[in-house]
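Numbering-wise (the working numbering), the sequence shown opens with residue 1124 and increments by one.
No residue lacks a Cβ here, since even glycine has one placed at the ideal position from N, Cα and C.
None of these values were measured; they are calculated from a predicted model.
Below: the structure, in structure tokens.
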Amino acid sequence: ELDFAKTNFIATVSHEFKTPIASIKMSVQLLENEQIGELNSEQQNLIGSIKDDASRLLKITSELLNMTQVESGNIQLSIFPSDPKEIVLYALNATQNQAEEKQIKIVSNYQGILDKVQADTEKTAWVLTNLISNAIRYSYDNSTIELMIKSIGDEVQFSVKDFGQGIPPQYQNKVFDRYFRISGSQKEGTGLGLSISKEFIEAQGGQIKLESELGAGSTFIVTLPKA
């Protein structure tokens, strides 16, 4: 009963936060519109900081809301035949600004004729967005990230590969644990994104796994059934 109350409280607070944070982001976008008036460099820097902080808060509240679904065992799915390229396009659009800030090029590779995937489009796009966002955060400036989709047997496989520092072997079996963060990491985050991603993909009958080599980068692979 106490756990239920805690989960319900987190869900309520996160939901209440989400609307004003989204409103802040919209207001900032309006301020950036030259029709309202030009901003000097100092004002532009302040606006940039507000936008970054609002995006970070929105991401955290989104993760907390998703986590409450996982903890309550009530992951709401809407599974139907979906175009894998459309799912990837959504994730690419969502991470475009983040990639541009570090001058990172995301190379998409669609191998062969792609079958439709049996998936919850929204949740799968959320997972890919999270994986690409992580890849950007752990990549070097002016580097490349490879995003691939291919059909294998009765499955469709998505992969996100970066060429960053990679993950030490002793941590690779823990990255999908809830709240796990690599010791000594200076990167911001809740430690929830990969845990939620695993729950969302497995709830759809799929799998997610990591391949990583220290000093060479990491590849996250998501596999879902064909429609």
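With 16 other Cβ atoms within 10 Å as the buried cut-off, status of residue i
{"i": "E1186", "result": "buried"}
{"i": "Y1302", "result": "exposed"}
{"i": "M1149", "result": "exposed"}
{"i": "S1195", "result": "exposed"}
{"i": "L1270", "result": "buried"}
Same chain, Cβ closer than 7 Å to residue i, five either side skipped, listed in chain order
{"i": "T1346", "result": "E1278, Q1280, G1329, Q1330"}
Among the options, the one whose alpha carbon lies nearest that of residue i
{"i": "D1264", "options": "S1335, L1254, F1286", "result": "F1286"}
{"i": "A1339", "options": "Y1233, F1140, P1292, I1198", "result": "P1292"}
{"i": "S1266", "options": "A1258, E1161, S1164", "result": "A1258"}
{"i": "N1296", "options": "I1319, M1271, E1334", "result": "E1334"}
{"i": "K1332", "options": "Q1288, K1284, R1304", "result": "K1284"}
DSSP-derived helix/strand/coil call for residue i
{"i": "G1340", "result": "strand"}
{"i": "S1335", "result": "strand"}
{"i": "P1291", "result": "coil"}
{"i": "Y1213", "result": "helix"}
{"i": "D1175", "result": "helix"}
{"i": "V1298", "result": "coil"}
{"i": "I1227", "result": "coil"}
{"i": "L1315", "result": "coil"}
8 Å CB neighbourhood of residue i in its chain, flanking five on each side removed
{"i": "G1171", "result": "none"}
{"i": "K1208", "result": "Y1233, L1237, I1272"}
Beta-carbon proximity list for residue i, same chain, < 6 Å, skipping 5 on both sides
{"i": "S1137", "result": "T1184, L1187, L1188"}
{"i": "S1201", "result": "D1243"}
{"i": "D1238", "result": "S1274, K1349"}
Inter-residue CB distance, residue i and residue j (contact presumed, cutoff 8 Å)
{"i": "A1214", "j": "I1268", "result": "Actually they do not touch by this definition, with Cβ atoms about 11 Å apart."}
{"i": "V1298", "j": "L1317", "result": "5 Å"}
Check: residue i C-beta below 7 Å from any heavy atom of the ligand FAD
{"i": "A1339", "result": "Summarising the ligand content, the structure contains no ligands, and the ligand FAD is consequently not present."}
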